[in-house]
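Note that numbering that gives the first Met the number 0 numbers the sequence shown so that position 38 is 37, with each residue one more than the last.
Each residue gets a CB set at the ideal place from its N, CA and C atoms; glycine is no exception.
Please read all numbers here as calculations on a predicted model, not as lab measurements.
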Amino acid sequence: MTLVEIAQIYTDLVRLDDQTPTEEYQTKDRINALRTKYHQMLMDKMREESIYFSDRFDATQKAFEIIHKEKAHS
0 MTLVEIAQIY TDLVRLDDQT PTEEYQTKDR INALRTKYHQ MLMDKMREES
50 IYFSDRFDAT QKAFEIIHKE KAHS
């Protein structure tokens, strides 16, 4: 998978988690498990491509920036 593909899936999962009601705890748990998986994939791919990030929060911010730039170029 490319960095853009991973970032897109990850940011979609973040948005989905934000939109899912707290009462839907099983759904939120599943989303969170996928978020964790894709966040790790994102950080691994960023390291592979020599993209610096200071911590996991910075990596998340960069994922949103990558998607924003990608949409601006399409």
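{"Check": "Own chain, CB closer than 8 Å to L2, minus 5 neighbours either side, in chain order", "Outcome": "L41, K44, M45, E48, I50, I65"}
{"Check": "CB of R34 within 8 Å of CB of V13, strictly", "Outcome": "yes"}
{"Check": "Extent of the continuous alpha helix (DSSP H) to which F63 belongs", "Outcome": "55-72"}
{"Check": "Distance between beta carbons of F63 and T10, contact taken as under 8 Å", "Outcome": "6 Å"}
{"Check": "Distance, Y24 Cα to A6 Cα", "Outcome": "24 Å"}
{"Check": "Alpha carbon of M0 to alpha carbon of E69, nearest angstrom", "Outcome": "16 Å"}
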